[in-house]
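Scroll down for the structure; my scribbles are underneath it.
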Ligand code: HDD
Ligand code: HEM
Ligand code: HEM
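Residue numbers (the working numbering), protein chains in the order written: chain W, 491 to 830; chain R, 1358 to 1818.
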């Protein structure tokens, strides 16, 4: 493995982490949107607030991590990617602003009306952001981004982009529903856990179905990706399918904590599969990792930065996740519950 | 790359300036607010109930400000590529390391923020208090890293250029040299101290406003003095750092210094221009103090101060903007030192300035004034570098995106940020009003209508 490959792998590690952790946060927003009016949805929204409140900012930083790794290690592909996909990136930026701000504002809203307004901003942008990120992934995976500048609209509206967008929203929803089921179960609200578990089942089945149907458009539209998925990335596709089925089974049997493990593996394997399928290209069909890497000295520097992160940020992150998974944090010692 | 129209370049600049100008105020809170909270929180767990109340309230305000800071910062990192691909594609690997290091700082800050905000009553008081420390440290590291990028643009190093015009290639990249360029330390210190000034004076201004409205309880007095003390320390240090930063410019960015001083020609014993504007190469309406410019920026009277004529007209920055923003910053900086020292001096002599309405009114103004100084400072550095995005290496017009429609994205950002700013202000105002009204610190979120039996989700029931 060359130095450039290693940097690409570290960057892609960030993509996987973002897909899982921020994916679950985005998906929570989707369920928030569908939770019904204030009366019916209050309880779920309260749980969403508890589950993602302490972690969403940290989860969000994975995106920053990926961006800076990308432009540092692969400056030219970065510039090409962001210039060609200008429009979807703008939507992603807008979505990120409205989601974070809406979520923070809602927690301290004064009246129900205001809370609903901020909540709507949070929820709607949780739908928009992963959708456009998925479209971006589809555009790259189908070879529509080259080092020259491509069409401002046509480069991200091909079939693979649509598959990417829809699949991103569905998998985020699946992850989120599984996480929320596990969290509310641990917090003692079994009824809410079943409610979330049912949604996890539905969105999990939908994700699987879409992934299977997607083979057709990908085959026609993204030859390199399709070949990779059937060739060297096939093991990951199989792992994903098996883990997904495991998750669905555990959801049916109401073992939510285990279901969550399955869901995480299923989603991670799909994302890794995508990366493996398009290796050694960074911009499919247009630029390889080796050819488009930046200066060696910088790549080396990035390894050092990563090592620093591994001894500072990673232990802190583990502590955060350990804390929020303790039962004192799951239960409401601090805030009087609004709903039973 | 395609030629880019002047209007589009304008739009890109406005968009960058707006999003940075917005973000920088919030990022100051990310840098300095944890320290302020630490002070009151520590006093609180040592038995001072009022201090603990302050810590709890401030941490809730921080939750809102940090969230808006984080999302507006994310927009910035997108914009580096969306607006300036010509910079990133050529120099991404030269300036990437500080950005990547900054990523670590953000991680640490965001993680401990989560732990701190949700740690009330869930962690032991000591551990809980200590989670603020990594946040303060990442404030230092984060500021250093982001300012390193800007300092590199002012004082580029760590690479070699082969070829000329815009068709050059960058070789011999030494990212650590680029990061530790010769402008970084002073710019960093200056920015870091500015963050403490801004947060100190703004928080103090809020409590001064409360005192003016007759809320004279201990909480308000403590809130005021704590923040004001921090602000004072920062304010006293700041002019010294700024002065040294200015001296560096004579050597490395003479056109910027010339614009700041409104010096048209290089002179020995150069006068200091107070106010004034430059029209067609002549300075009008300035108060001139002989020799002072040479003394301040070069350390002695008989030394040369560079004038704008060191560069061809096309490579001169817009001097009026730079000069006036510089003077606003220095003026406010000087006034704030005098004002804050005056308060402590009176206090030593047993005068309670907190009963003086005039003092309190001034203290209310000091908050926005510090913010204005901050913005003017950045305007000075940034506009003073024009027309270069990387001093003497790459022009802004060669770095901007070839995509059209920047006016549209600029307008969207303008509307969104106007709304965001207003709502942030109103949410915090409403929080403080509710704290006063019902005496509770925890504000329940109205997720549903108040009902004794909030129903369960639809299908469950
Ligand atoms: C990474 C580098 C970087 C950093 C840390 C900053 N800037 Fe900057 N700024 C730029 C990179 C930049 C730039 C990309 O280089 C711009 C765009 C056009 C230009 O000349 O410089 C710019 C332009 C620019 C302008 C408009 C200048 C003009 O009229 O063209 C203003 C007023 C500011 N910035 C203000 C700020 C503020 C308030 C900052 C604090 C957060 C800040 N800058 C940090
Ligand atoms: C080009 C300029 C800049 C870029 C690209 C940038 C980028 C960012 C990004 C991406 C974030 C979000 C991180 C997160 O998710 O928590 C952020 C937050 C932050 N930025 Fe900036 N930034 C810039 C200027 C500055 C400056 C000048 C400062 C100076 C002090 C600063 C200090 C901070 C701090 C402390 C945070 C954390 C805020 C919080 O979590 O509330 N940034 N910035
Ligand atoms: C009172 C005396 C002050 C002096 C002599 C001074 C001097 C300077 C100089 C010379 C620069 C340009 C540095 C460069 O481009 O390399 C600068 C930049 C700046 N100033 Fe000041 N300044 C003063 C006060 C303040 C105050 C009170 C604030 C804010 C609260 C402030 C905030 C800034 C900022 C944010 C920058 C740009 C970033 C940086 O260089 O760190 N300054 N100042």
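Each residue gets a CB set at the ideal place from its N, CA and C atoms; glycine is no exception. In this text the structure is predicted, and so the values were computed from the model without any measurement.
query, result
"Residue 1419 of chain R versus residue 706 of chain W: straight-line alpha-carbon distance, rounded", "49 Å"
"Contact set for residue 1550 of chain R: own chain, Cβ-Cβ below 8 Å, skip 5 residues either direction", "1591, 1594, 1595, 1598"
"Proximity of residue 1583 of chain R and residue 1721 of chain R at Cβ, strictly below 8 Å", "no"
"Distance between beta carbons of residue 1548 of chain R and residue 1498 of chain R, contact taken as under 8 Å", "That belief does not hold up - the Cβ atoms of residue 1498 of chain R and residue 1548 of chain R are roughly 13 Å apart, past 8 Å."
"Residue(s) in a DSSP beta bridge with residue 1624 of chain R", "R/1662"
"Test item: CB-CB of residue 1393 of chain R and residue 1401 of chain R under 8 Å", "no"
"Buried versus exposed call for residue 1717 of chain R [16 or more other C-beta atoms within 10 Å across all chains shown]", "buried"
"Chain R residues whose Cβ lies nearer than 9 Å to that of residue 625 of chain W", "Residues of chain R passing the Cβ test: none, with the nearest at roughly 16 Å."
"Residue-level contact to chain R via CB, residue 558 of chain W, 8 Å cutoff", "yes"
"Spatial distance of residue 713 of chain W from residue 1504 of chain R (CA atoms)", "44 Å"
"Beta-ladder partner(s) of residue 1630 of chain R, from DSSP", "R/1645"
"7 Å Cβ cut-off: residues of chain C touching residue 1481 of chain R", "The chain inventory of the structure shown lacks chain C, comprising the protein chains W and R."
"Residue 771 of chain W, enclosing beta strand (DSSP E) - first and last residue", "771-773"
"For residue 1372 of chain R, three-class secondary structure by DSSP", "helix"
"Same chain, Cβ closer than 7 Å to residue 719 of chain W, neighbours up to 5 away in sequence not counted", "727, 763, 767"
"Which residues DSSP lists as bridging residue 1636 of chain R, in chain order", "R/1639"
"Backbone secondary structure at residue 1722 of chain R - three-state DSSP", "helix"
"Beta strand (DSSP E) runs wholly inside the segment 1677-1757 of chain R, at least 3 long, in chain order", "1745-1747"
"N- and C-terminal bounds of the beta strand (DSSP E) containing residue 1528 of chain R", "1526-1528"
"Presumed contact (8 Å Cβ cut-off) between residue 1740 of chain R and residue 1662 of chain R, rounded CB distance", "Contact doesn't hold; Cβ gap of about 19 Å is too wide."
"Against chain W: residues of the segment 1500-1511 of chain R by CB proximity under 8 Å", "none"
"Status (buried if at least 16 other CB within 10 Å, exposed otherwise) for residue 547 of chain W", "buried"
"Beta-carbon gap between residue 1651 of chain R and residue 1614 of chain R smaller than 8 Å", "no"
"Touching by the beta-carbon criterion (3+ pairs, under 8 Å), the segment 735-749 of chain W and the segment 694-711 of chain W", "yes"
"Contact set between residue 672 of chain W and chain R, taken where Cβ atoms lie within less than 7 Å", "Within 7 Å Cβ-Cβ: nothing; residue 672 of chain W doesn't reach chain R, min ~17 Å."
"Residue-chain proximity (residue 544 of chain W, chain R), Cβ-Cβ < 8 Å", "yes"
"Identity of the residue in W/535, W/515, W/773 nearest residue 524 of chain W by Cα", "W/535"
"Cβ contact check for the segment 1372-1383 of chain R and the segment 1766-1777 of chain R: 3 or more pairs under 8 Å", "yes"
"Status (buried if at least 16 other CB within 10 Å, exposed otherwise) for residue 665 of chain W", "buried"
"CB contact below 8 Å: residue 505 of chain W versus chain R", "no"
"Helix, strand or coil at residue 643 of chain W according to DSSP, with G and I counted as helix", "coil"
"Residue-level contact to chain W via CB, residue 1496 of chain R, 8 Å cutoff", "no"
"Members of the segment 783-803 of chain W near chain R, C-beta cut-off 9 Å", "783, 784, 785, 786, 787, 788, 789, 790, 791, 792, 794, 795, 796, 798, 799, 802, 803"
"Those runs of the alpha helix (DSSP H) which lie wholly inside the segment 1577-1625 of chain R and span at least 4 residues", "1611-1618"
"Residues of its chain near residue 518 of chain W, where Cβ-Cβ distance is below 6 Å and the 5 sequence neighbours each way are ignored", "538, 542, 666"
"Candidates W/793, W/653, W/595, of which the one nearest residue 703 of chain W by Cα", "W/653"
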